[in-house]
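Let me begin by presenting the structure, written as structure tokens, before commenting on it.
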Amino acid sequence: MNESETVALVTDAKSRREYIGASFAAAEDLGADVFEVKLPEYGRNSVGPEISEGQGGTLRLPEGPVEACKNADMVFDFTLEGFIHVPERGEIRDAGTRILRVGAREPFYLRRLMPWTEEEAQEVKERVQKHSELLANSDEMRITSEYGTDLTMEVESDTAFDSYGFVDTPGKWDVWGQNMVSNYPSNVEGKIVIAPGDYNVVPFADYVDSAVECVVEDNYIVDINGEGGDAELMRGHMESFDNPDVFATSHFGWGLNPNGEFYNMAIHDRKPDETGVSASEGRVWSGNMLWSTGPNTHVDRYAPCHYDIAQKNCSVFVDGTKVVDEGDVVEDVV
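Each residue of the sequence shown is one higher than the last, beginning at 8 in my numbering.
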């Protein structure tokens, strides 16, 4: 950000006002032009599926704010839900605008997960990009675990993305401090076992108490099994949308942020309706296996329900090469 740039702050009713004030002050200190676009509150738990159908269950941007963002050099997304799985994000990026998703996470997260020196930032970027290139150059991805997960999929190279937690090039979208790689694969087949202690980032922001088995055939979850309440909760919630695309598999990848800690969600991440989910450590801790359901903008699927599940102790293979070994990133493969 510099004196020649224009910065847009996109907010909603639940955005943290102290962050907005700090952003105005920072932009002005750097000599940049800055303005705020405030939206009504949309998204998770604020509208029902009959309203959000076709909208990815997430925030949508009206035409006016979209045009404002397209005319800015950089956008800070402070909305609770975030414009992630919606067409407008692509339209803004195509205009060359950088978008940094901040949400409303506590300062505790934002300070600790982001690199603060140029040297550290460059190191983080290069590490994440090396993993992303490895993924993009692969044909097959396989995920296993001691709990029974065994899943194979075809890597879609065009959808592989590197999330290193900041935006430094035109059209770049990222999430504050995220550090992960992922893709939207095809031909997903097998079984995922969500084990006790794994983390439901979205929509429940809670640790799983009992095993949940998801049987996947041709990119869709066809059965959700388990003796505990977690399986019943997941199955009932997804069925309530009465939309088959809710059960589609979406992105798969692994976390790379060494500053992320698995246990911290128990202390600092229990109020998703007040703080949103971006930069939660369930998405970023090093060696996690993060997978999701529902929306996939690459195939124009905007399902009204989205799950992000972060799992411990998984092994991830790309073209037979192990990149995550039972929850530990294998550094010497890149």
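Here a beta-carbon is modelled for each residue, glycine too, at the ideal position from N, C-alpha and C.
The structure displayed is predicted, hence computed values, not measured ones.
Practice item. Within 10 angstroms of the Cβ of Ile157, are there 16 or more other Cβ atoms? Answer buried if so, exposed if not. Key: Looking at the sequence itself, residue 157 is Asp, so the reference to Ile does not match. Under this definition Asp157 is an exposed residue.
Exercise for review: State buried or exposed for Phe42, treating a residue as buried only when at least 16 other CB atoms are found within 10 Å of its CB.
Suggested key: Classification for Phe42: exposed.
Point to revise | Start-to-end residues for the alpha helix (DSSP H) that takes in Ser164 | key: First-last for Ser164: undefined, no H or E at that position.
Review point. Which residues in the same chain have their Cβ closer than 8 angstroms to the Cβ of Asn144, if we skip the five residues on either side of it in sequence?
Key: Ser164
Check your understanding: Do you know how far the Cα of Asp225 is from the Cα of Arg242?
Key -> 19 angstroms
Review point. Are the CB atoms of Phe324 and Met187 nearer to each other than 8 angstroms?
Key: no
Review point. To the nearest whole angstrom, what separates the beta carbons of Ser7 and Ser247, a pair I think is in contact under 8 angstroms?
Key: Since the first and last residues shown for the chain are 8 and 341, residue 7 lies out of range.
Review point. Of all the options Arg118, Leu87 and Thr304, which has the alpha carbon lying nearest to the alpha carbon of Glu95?
Key: Thr304
**Study point:** With 16 other Cβ atoms within 10 Å as the buried cut-off, status of Ser22
**Key:** buried
Review point. Between the beta-carbon of Asp36 and the beta-carbon of Val14, is there less than 8 angstroms?
Key: Asp36 is not a Cβ neighbour of Val14, given a cutoff of 8 angstroms.
Review point. Taking Val82 as the reference, which of Pro122, Gly71, Trp180 and Gly327 has the closest Cα?
Key: Trp180
Exercise for review: Confirm, please, whether the CB-CB distance from Cys76 to Ile91 is below 8 angstroms.
Suggested key: no
Practice item. Please determine if the region 198 to 208 and the region 310 to 322 are in contact, where contact requires at least 3 C-beta pairs separated by less than 8 angstroms. Key: They touch, by the three-pair rule.
Practice item. Give me the Cα-Cα distance between Ala79 and Val131, rounded to the nearest whole angstrom. Key: 26 angstroms
Review point. Looking at the structure shown, is Asn52 part of a helix, part of a strand, or coil, going by DSSP?
Key: Here the model assigns Asn52 a pLDDT of 39, short of 50, so the residue's position is not dependable and the matter cannot be decided.
Check your understanding: Bridge partners of Leu297, per DSSP?
Key -> Gly260 and Ala317
Exercise for review: Answer with buried or exposed for Tyr270, where buried requires no fewer than 16 other C-beta atoms within 10 angstroms of its C-beta.
Suggested key: Per the 10 Å Cβ criterion, exposed.
Review point. Taking all protein chains shown into account, do 16 or more other C-beta atoms lie within 10 angstroms of the C-beta of Asp229, making it buried, or fewer, making it exposed?
Key: A quick correction: the sequence has Val, not Asp, at residue 229. It counts as exposed.
Review point. Roughly how many whole angstroms lie between the Cα atoms of Leu16 and Val93?
Key: 18 angstroms
Exercise for review: Report yes if the CB atom of Glu338 is closer than 8 angstroms to the CB atom of Ser322, and no otherwise.
Suggested key: no
**Study point:** Through-space distance from Gly97 to Gly294, alpha-carbon basis
**Key:** 29 angstroms
Exercise for review: Compute the Euclidean distance between the alpha carbons of Glu12 and Thr328, then round it to the nearest angstrom.
Suggested key: 43 angstroms
**Study point:** Anticipated Cβ contact below 8 angstroms, Leu46 with Thr86, distance rounded
**Key:** Contact flag correct, Cβ pair sits at about 7 angstroms.
Point to revise | Nearest neighbour of Ser193, chosen from Ala29, Thr159, Leu117 and Thr176 [CA to CA] | key: Thr159
Check your understanding: What is the rounded straight-line gap between the Cα of Gln136 and the Cα of Leu107?
Key -> 18 angstroms
Check your understanding: Going by C-alpha distance, which of Gly260, Asp146, Arg290 and Met296 is nearest Gly184?
Key -> Arg290
**Study point:** Own chain partners of Ala167 with C-beta closer than 8 angstroms, once the 5 adjacent residues on each side are dropped
**Key:** Ser139, Leu142, Ala143, Val188, Ser189 and Asn190
Review point. Quick one, which of Asn250, Val215 and Glu196 has its alpha-carbon nearest Thr203's?
Key: The identity of residue 203 in the sequence shown is Pro, whereas the question assumes Thr. Scanning Asn250, Val215 and Glu196 for the CA closest to the CA of Pro203 turns up Val215.
**Study point:** Backbone CA spacing between Ala238 and Val253 [nearest angstrom]
**Key:** 16 angstroms
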